[in-house]
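J.: Here's a structure for you.
Residue numbers (the working numbering): 1 to 224.
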């Protein structure tokens, strides 16, 4: 038997460590060490624990079967029944199988359900009712045919062009390079004098030169 199994069995019997230790004839401290896994659980202790799980009273057996009978008589599944009394569906399964014994407050809530009362839901557990709406139940909103026709006409109308508005013409800017001696030349004139396909032209008016490069070739021309 592992330490985890020992703890689960003790909790299923609704016993404290002191109570289980007393039933097993050991100290509370030693039981705590068994549950922590600090030391191995002797076979004799494991057998004694298993015998305790087999000694169910008639009342406990009646409670587990009664819970299942009540749930089925109400036509509820474990999830719905669990929400009504404020526990998890897994815990309902443990109650019905007899693995765990419900506490007094849970028994009171189950009793309230059988009496037709609505028990208080445990904190954090809320009933959720979801309504499934079929797409056939959703009616399309009526469309005003006159409004729709008017909108379509406006969309199809062409905006008239005012022919009287003059079209602004793009102004051509001339760039002129002037030398220190008074001569001048335009970039177009420089390009017409360098080899065709020239990639870069460096203009240096103070030297009266324009240096050009074309791939691996290079050279220069006089500006004036």
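Think of the CB as a built atom: it goes at the ideal place given N, C-alpha and C, for glycine as much as any other residue.
Please read these numbers as outputs of a predicted model, since none were measured by experiment.
In whole angstroms, what is the alpha-carbon distance linking residue 85 and residue 114?
T.: Walking along the chain shown from the start, residue 85 turns up at place 85. Walking along the chain shown from the start, residue 114 turns up at place 114. Rounded to whole angstroms, residue 85 to residue 114 spans 11 Å at the Cα level.
J.: Grab me the residues of residue 71's own chain with a C-beta within less than 6 Å of its C-beta, minus the 5 sequence neighbours each way, in chain order.
T.: For the purposes of this step, residue 71 is taken as the residue at position 71 of the chain shown. The answer, listed in chain order, is 81.
J.: Near residue 63, what residues of its chain come up, given a Cβ to Cβ distance below 6 Å and the 5 sequence neighbours on each side ignored?
T.: Residue mapping note: residue 63 aligns to position 63 of the chain shown, counting from 1. Around residue 63: no qualifying Cβ.
J.: Return helix, strand or coil for residue 44, following the three-state DSSP convention.
T.: Residue numbering aside, residue 44 sits at position 44 when the chain shown is read from its first letter. Here residue 44 sits in helix by DSSP.
J.: By Cβ distance, which residues of its chain are closer than 7 Å to residue 93, with the 5 residues on each side in sequence left out?
T.: For this step, residue 93 is matched to residue 93 along the chain shown. These residues qualify, in order along the chain: 78.
J.: Going along the chain, which residues of its own chain have a beta-carbon closer than 6 Å to the beta-carbon of residue 22, five neighbours each way excluded?
T.: In the chain shown, the residue the question calls residue 22 occupies position 22. Closer than 6 Å at the Cβ level, and outside the excluded window around residue 22, lies no residue.
J.: Of all the options 20, 216, 97, which has the alpha carbon lying nearest to the alpha carbon of residue 48?
T.: Looking up residue 48 in the chain shown gives position 48. Here the closest residue by C-alpha is 20.
J.: By DSSP's criteria, residue 201 is part of a beta bridge. Which residues make up the other side?
T.: As a working mapping, residue 201 is identified with position 201 in the chain shown. In the DSSP output, where bridge partners are listed per residue, residue 201 has 212.
J.: Classify residue 123 as buried or exposed, calling it buried when 16 or more other Cβ atoms lie within 10 Å of its own Cβ.
T.: The residue you call residue 123 lines up with position 123 of the chain shown. Its pLDDT being 41, under 50, residue 123 is placed unreliably in this model, and the value from its coordinates should be taken loosely. So residue 123 ends up on the exposed side.
J.: Taking the beta carbon of residue 202 as the centre, do at least 16 other beta carbons fall within 10 Å, making it buried, or is it exposed?
T.: Walking along the chain shown from the start, residue 202 turns up at place 202. Burial call: exposed.
J.: Mapping DSSP to helix, strand and coil, what is residue 32?
T.: Position 32 of the chain shown holds residue 32. If DSSP states are grouped into helix, strand and coil, residue 32 belongs with the helices.
J.: Return the chain-ordered list of same chain residues with a C-beta closer than 6 Å to the C-beta of residue 68, the five sequence neighbours on each side being excluded.
T.: Within the chain shown, numbered from 1, the residue matching residue 68 stands at position 68. Counting only Cβ-Cβ distances below 6 Å, and skipping sequence neighbours, we find 96.
J.: For a quick check, are the C-beta atoms of residue 193 and residue 221 less than 8 Å apart?
T.: Numbered from 1 along the chain shown, position 193 holds the residue referred to as residue 193. Numbered from 1 along the chain shown, position 221 holds the residue referred to as residue 221. The answer is yes: Cβ separation under 8 Å.
J.: Which same chain residues, not among the five before or five after residue 215, have their C-beta less than 6 Å away from its C-beta?
T.: Start at 1 with the first residue of the chain shown, and residue 215 comes out as number 215. Answer for residue 215: no residue qualifies.
J.: Starting from residue 218, trace the beta strand (DSSP E) both ways and give me its first and last residue.
T.: Taking the chain shown and counting its residues from 1, one reaches residue 218 at position 218. Run containing residue 218: 217 to 222, per the beta strand (DSSP E) assignment.
J.: Per DSSP, what kind of secondary structure is residue 19 in: helix, strand or coil?
T.: Start at 1 with the first residue of the chain shown, and residue 19 comes out as number 19. Residue 19: helix per DSSP, three-state reduction.
J.: With DSSP as the reference, identify every bridge partner of residue 184, one or two as the case may be.
T.: Here the question's residue 184 lines up with position 184 in the chain shown. 178, per the DSSP bridge assignment.
J.: Can you have a look at residue 206 and say buried or exposed, based on whether 16 or more other CB atoms are within 10 angstroms of its CB?
T.: For the purposes of this step, residue 206 is taken as residue 206 along the chain shown, with counting starting at 1. Exposed, because fewer than 16 other Cβ atoms sit within 10 Å of the Cβ of residue 206.
J.: Just verifying my parser: in three-state terms, what is the DSSP assignment at residue 37?
T.: Taking the chain shown and counting its residues from 1, one reaches residue 37 at position 37. DSSP places residue 37 in coil when its eight states are reduced to three.
J.: Alpha carbon to alpha carbon, how far is residue 210 from residue 219? Give it in angstroms, no decimals.
T.: Here residue 219 is taken as the residue at index 219 of the chain shown, counted from 1. Here residue 210 is taken as the residue at index 210 of the chain shown, counted from 1. Taking the straight line joining both Cα atoms gives about 9 Å.
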